[in-house]
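J.: Attaching a single structure in structure tokens format; questions to follow.
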Ligand code: EPU
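Numbering (my numbering), first residue to last: 21 to 358.
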């Protein structure tokens with residue numbers, strides 16, 4: 021276990037917010053965790069976990085113990101001729117794992133290519149893109165339960181996955197994810213290609229693990245800014261879910277409104293469309309703005325702190341509410357200072 025103090029996190033979060041962790045603990049295994057917990061108890065600190073820093077809003081100072089889980093092993097367990105289980109350490113980079121899985125011919129996560137962050141963070145917000153969500157391949161996670169003080173395995177049903185949601189997100193600070201088991205397929209026809217942009221690309225290139233992976237990577241590069249060049253946390257707001265009745269009323273006034281069906285009662289609106297229609301696409305105020313190619317992505321042009329980001333996001337959400345009476349909720353996790 022490695023305990024460091026006053027760690028500068030400004031280059032360890034993709035929004036590049038200035039932040040210092042008073043106590044950071046790098047944890048490789050179970051013993052490291054028990055040592056770190058004992059150290060926090062001694063210092064009178066609570067703790068929280070941070071993965072790759074790609075979906076968080078950090079405060080200027082984190083007084084709590086900040087745990088970084090650094091397990092990076094990958095183990096493959098063949099189940100039968102059609103599928104395997106893969107156990108992946110929480111510290112593995114998600115995007116590198118997807119690349120690994122495609123290069124080994126394991127299907128299931130290719131639509132989730134190029135998403136920043138760690139494997140341990142993936143179940144927290146049930147990452148999703150281009151018609152696939154993590155829960156579609158998730159089998160179980162091995163976690164430490166801080167409330168019960170023991171390790172346990174949580175199966176898919178236990179995690180209560182929803183759209184960008186899970187028990188890990190709902191009970192922050194309770195669970196520490198150590199590794200994640202996914203079921204992947206060795207069959208070469210179980211592809212999700214219904215998303216318009218992918219369909220168009222594979223029509224010319226043919227459908228395979230590689231072409232889907234390439235298509236998703238290309239679409240993301242075209243639409244989403246690279247955090248190394250323009251700091252951001254991906255989609256800043258969730259796509260709001262509203263009732264079908266509320267949708268029909270909006271549709272009368274805005275026939276072009278973009279939506280996806282959720283179930284017989286609810287529909288999901290494209291927050292990017294609502295933000296663009298409210299005049300925020302490509303609009304900048306101070307150090308922050310909404311991206312000019314994807315209005316759902318808030319960018320830090322350099323020099324912003326969390327308060328400025330939250331104030332700007334509130335102004336965007338207020339405009340959308342004034343125009344459409346729809347509430348936008350931020351997607352990234354707000355990390356408390358203590
Ligand atoms: N749109 C606009 N203007 C914009 C952006 C979008 O009008 O500036 C409309 C377009 O009609 C477009 C529709 O919104 O067709 C949907 O846009 P897009 O396909 O880019 O997807 P999204 O709903 O904005 C979601 C996820 C992304 C994921 C994509 C693809 C959320 C909050 N975001 O974005 O996830 O990559 O779908 O599946 O659900 C992330 O979570 O960080 C993320 C990037």
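All C-beta atoms in this analysis are idealised placements derived from N, C-alpha and C, irrespective of residue type, glycine included.
I'd like the list of long-range same chain contacts for residue 153, defined as Cβ closer than 6 Å, with 5 residues on each side in sequence excluded.
T.: So the qualifying residues of the chain are 146.
J.: I need the boundaries of the beta strand (DSSP E) containing residue 362, first residue and last residue.
T.: In this structure the chain extends from 21 to 358, so residue 362 is not present and cannot be described.
J.: Indicate whether the contact test is met: 3 or more Cβ pairs, each with one atom in the region 208-226 and one in the region 163-180, closer than 8 Å.
T.: The region 208-226, when compared against the region 163-180, does not touch it at the 8 Å Cβ threshold.
J.: Are residue 211 and residue 348 closer than 8 Å when you measure CB to CB?
T.: Not in contact: residue 211 and residue 348 (Cβ atoms no closer than 8 Å).
J.: How would you call residue 93, buried or exposed, if buried means at least 16 neighbouring beta carbons within 10 angstroms?
T.: Exposed, since its Cβ has fewer than 16 Cβ neighbours within 10 Å.
J.: Cβ-heavy atom distance between residue 351 and the ligand EPU below 7 Å?
T.: Yes; taking the cut-off as 7 Å, the Cβ of residue 351 has a heavy atom of the ligand EPU nearer than that.
J.: Inspect the beta-carbon positions of residue 317 and residue 293 and report whether they are closer than 8 Å.
T.: Against a cut-off of 8 Å, the Cβ pair of residue 293 and residue 317 comes out as no contact.
J.: Counting along the chain, where does the beta strand (DSSP E) carrying residue 204 start and finish?
T.: Note, residue 204: beta strand (DSSP E), 195-205.
J.: Are the beta-carbon atoms belonging to residue 73 and residue 131 less than 8 Å from one another?
T.: No, they are not a contact pair.
J.: Which residue comes first and which comes last in the beta strand (DSSP E) that contains residue 22?
T.: Its beta strand (DSSP E) spans residues 22-28.
J.: Pull up the DSSP beta-bridge partners for residue 160, would you.
T.: In DSSP, residue 160 forms a bridge with 175 and 201.
J.: What whole-angstrom Cβ distance do residue 42 and residue 105 have, given they're in contact under 8 Å?
T.: At roughly 39 Å, the Cβ-Cβ gap does not stay under 8 Å, so residue 42 and residue 105 are not in contact.
J.: Going by beta carbon distance, what residues of the same chain come within less than 8 Å of residue 308, once the five residues before and after it are set aside?
T.: The residues are 318, 319, 320, 321, 324, 328, 329 and 332.
J.: What is the C-beta distance between residue 199 and residue 315, in whole angstroms, given that I count them as a contact (C-beta under 8 Å)?
T.: In fact, because the Cβ distance is near 36 Å, the residues do not count as touching under 8 Å.
J.: Apart from the five residues on each side of it in sequence, which residues of its chain come closer than 6 Å, Cβ to Cβ, to residue 173?
T.: Cβ within range, chain order: 160 and 162.
J.: Roughly how many angstroms separate the alpha carbons of residue 97 and residue 165, rounded to a whole number?
T.: Roughly 25 Å separates the two Cα atoms.
J.: Taking 8 Å as the threshold (C-beta atoms), are residue 298 and residue 343 in contact?
T.: Cβ distance < 8 Å, so residue 343 and residue 298 count as in contact.
J.: Got a sec: does the ligand EPU put a non-hydrogen atom nearer than 7 Å to the Cβ of residue 126?
T.: Outside the cutoff, so no.
J.: Under DSSP, the alpha helix (DSSP H) around residue 300 begins and ends at which residues?
T.: Segment: none, residue 300 is in no alpha helix (DSSP H) and carries neither H nor E.
J.: Closer than 7 Å to a non-hydrogen atom of the ligand EPU - does that hold for the CB of residue 315?
T.: Within the cutoff, so yes.
J.: Less than 8 Å between the C-beta atoms of residue 77 and residue 355, yes or no?
T.: Going by C-beta atoms, residue 77 is nearer than 8 Å to residue 355.
J.: Give me the Cα-Cα distance between residue 263 and residue 285, rounded to the nearest whole angstrom.
T.: So the two alpha carbons sit approximately 6 Å from each other.
J.: If you run the structure through DSSP and keep just helix, strand and coil, what is residue 186?
T.: Here residue 186 sits in coil by DSSP.
J.: Count the other CB atoms, across all protein chains shown, that sit within 10 Å of the CB of residue 186; report buried if there are 16 or more and exposed otherwise.
T.: It counts as buried.
J.: What I want to know is whether the C-beta of residue 149 ends up closer than 7 Å to one or more non-hydrogen atoms of the ligand EPU.
T.: The answer is yes for residue 149.
J.: Whole angstroms is fine: what's the gap from residue 29's alpha carbon to residue 23's?
T.: The alpha-carbon atoms of residue 29 and residue 23 are separated by roughly 15 Å.
J.: Determine the DSSP secondary structure at residue 313, reduced to helix, strand or coil.
T.: Reduced to three states, the DSSP call for residue 313 is coil.
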